[in-house]
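For the sequence shown, numbering that gives the first Met the number 0 gives the first residue as 0, with consecutive numbering after it.
C-beta atoms are modelled at their ideal positions from N, C-alpha and C, and glycine is treated no differently.
Notes to accompany the following structure.
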Amino acid sequence: MTELPLIGEAIAVAAEPRLAGAKIGVVTFPGTLDDRDAARAVRLAGGTAVPLWHADTNLGDVDAVVIPGGFSYGDYLRAGAIARFAPLMSKIIDAANSDAKLPVLGICNGFQILTESHLLPGSMIKNDHLKFMCRDQVLRVENSNTAWTLDYEAGQEITVPLKNQDGQYIADEKVLDALEAEGRVVFRYVGFNPNGSRRDIAGISNAAGNVVGLMPHPEHAVEAGFGPQSLDGIGSSDTDGLGFFTSVLNKIVGGSK
Numbered sequence: 000m001t002e003l004p005l006i007g008e009a010i011a012v013a014a015e016p017r018l019a020g021a022k023i024g025v026v027t028f029p030g031t032l033d034d035r036d037a038a039r040a041v042r043l044a045g046g047t048a049v050p051l052w053h054a055d056t057n058l059g060d061v062d063a064v065v066i067p068g069g070f071s072y073g074d075y076l077r078a079g080a081i082a083r084f085a086p087l088m089s090k091i092i093d094a095a096n097s098d099a100k101l102p103v104l105g106i107c108n109g110f111q112i113l114t115e116s117h118l119l120p121g122s123m124i125k126n127d128h129l130k131f132m133c134r135d136q137v138l139r140v141e142n143s144n145t146a147w148t149l150d151y152e153a154g155q156e157i158t159v160p161l162k163n164q165d166g167q168y169i170a171d172e173k174v175l176d177a178l179e180a181e182g183r184v185v186f187r188y189v190g191f192n193p194n195g196s197r198r199d200i201a202g203i204s205n206a207a208g209n210v211v212g213l214m215p216h217p218e219h220a221v222e223a224g225f226g227p228q229s230l231d232g233i234g235s236s237d238t239d240g241l242g243f244f245t246s247v248l249n250k251i252v253g254g255s256k
């Protein structure tokens with residue numbers, strides 16, 4: 000049995016000093032739960048986390064944005080439906096669609112907000128079993144060319160925690176066919192579809208690849224000894240989520256594949 004590090008001794012990666020200048024904004028809405036986790040993931044990857052408040056009217060000088068998970072505005076109306084109209088979201092939408100193509104990652108509720116904002120197509124509805132689901136989930140990386148997946152390999156399988164009740168991704172067949180044809184399905188569930196998402200889709204991107212949304216939580220799999228453990232006892236998957244954050248940092252400062 001592999002010995003786990005003591006609290007305070009866990010090290011995810013040896014962060015590269017050159018990455019520290021990259022600033023990643025982490026948005027907080029009323030009801031956001033995972034903003035501190037996302038900020039910690041940014042720091043563990045070597046970047047600088049910048050807190051952003053939903054009522055802010057500008058993004059400052061951030062180089063990318065993470066919209067973390069939670070239950071923004073209590074999921075009233077629909078998950079993400081109210082957050083979409085927050086003042087900061089209009090700035091994020093404009094920046095993501097601009098020539099600069101600001102990298103944006105939406106995790107869980109953040110993914111829901113991205114679909115409500117029409118930065119990503121489709122919609123999120125209740126899990127097909129109508130229950131909250133929490134488990135370690137295996138994903139297959141389908142597209143390793145987005146701003147957030149450059150440090151993965153196409154076909155690579157990673158394990159990250161999943162926790163949601165509105166996690167079923169839906170879209171009409173025309174949209175699904177287009178996502179498949181354009182290589183915009185970024186992640187797929189492997190072994191078990193936890194929410195009934197169409198075609199086992201766990202995450203997608205926009206056409207430019209700077210905006211990515213997914214339901215599982217990579218920010219909870221970034222630190223040795225504190226993430227999902229390998230089910231077969233061989234190796235460890237507890238830092239499988241760190242690649243999201245190193246990918247965007249490397250893209251910002253250069254040196255990505």
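Using the beta-carbon count (16 or more within 10 Å), is residue i buried or exposed?
i      : result
SER97  : exposed
HIS117 : exposed
THR56  : exposed
ASP93  : exposed
LEU101 : buried
GLY240 : buried
SER89  : exposed
LYS130 : exposed
Taking the CB atoms as reference points, tell me whether residue i and residue j lie closer together than 8 Å.
i      : j      : result
TRP52  : THR31  : no
THR245 : GLU222 : no
GLU156 : VAL189 : yes
VAL296 : GLY121 : What is shown of the chain runs 0 to 256, which leaves residue 296 out entirely.
LEU18  : VAL252 : yes
ASN142 : CYS107 : no
PHE186 : VAL140 : yes
VAL25  : VAL41  : yes
THR114 : GLY154 : no
ILE23  : VAL247 : yes
ASP135 : PRO227 : yes
Rank the options by C-alpha distance to the C-alpha of residue i and give the top, closest one.
i      : options                          : result
CYS133 : ASP74, ASN194 and ASP176         : ASN194
LYS125 : SER204, PRO160 and ASP165        : ASP165
THR145 : LYS130, ALA21, ILE203 and HIS219 : ILE203
PHE225 : PRO160, GLU152 and VAL25         : PRO160
GLY68  : VAL137, ASP33, ALA201 and ARG187 : ASP33
LEU138 : ASP127, LEU129 and TYR151        : TYR151
MET214 : PRO227, PRO86 and PHE110         : PHE110
TRP327 : GLY242, ASP36, ALA37 and ARG35   : An answer regarding residue 327 cannot be provided, because it is not within the stretch 0 to 256 covered by the chain.
TYR72  : VAL61, ALA54, ASP60 and ASP62    : ALA54
ASP171 : PHE191, LEU43, PHE70 and ARG197  : ARG197
ILE91  : PHE191, ILE112 and ASP176        : ILE112
In terms of residues, what are the limits of the alpha helix (DSSP H) holding residue i?
i      : result
ILE91  : 86–96
ASP36  : 34–44
ALA177 : 172–180
Using a Cβ cut-off of 8 Å (strictly closer), state whether residue i contacts chain D.
i     : result
ALA54 : Included in the structure is just one protein chain, with no chain D present.
Counting along the chain, where does the beta strand (DSSP E) carrying residue i start and finish?
i      : result
PHE186 : 184–188
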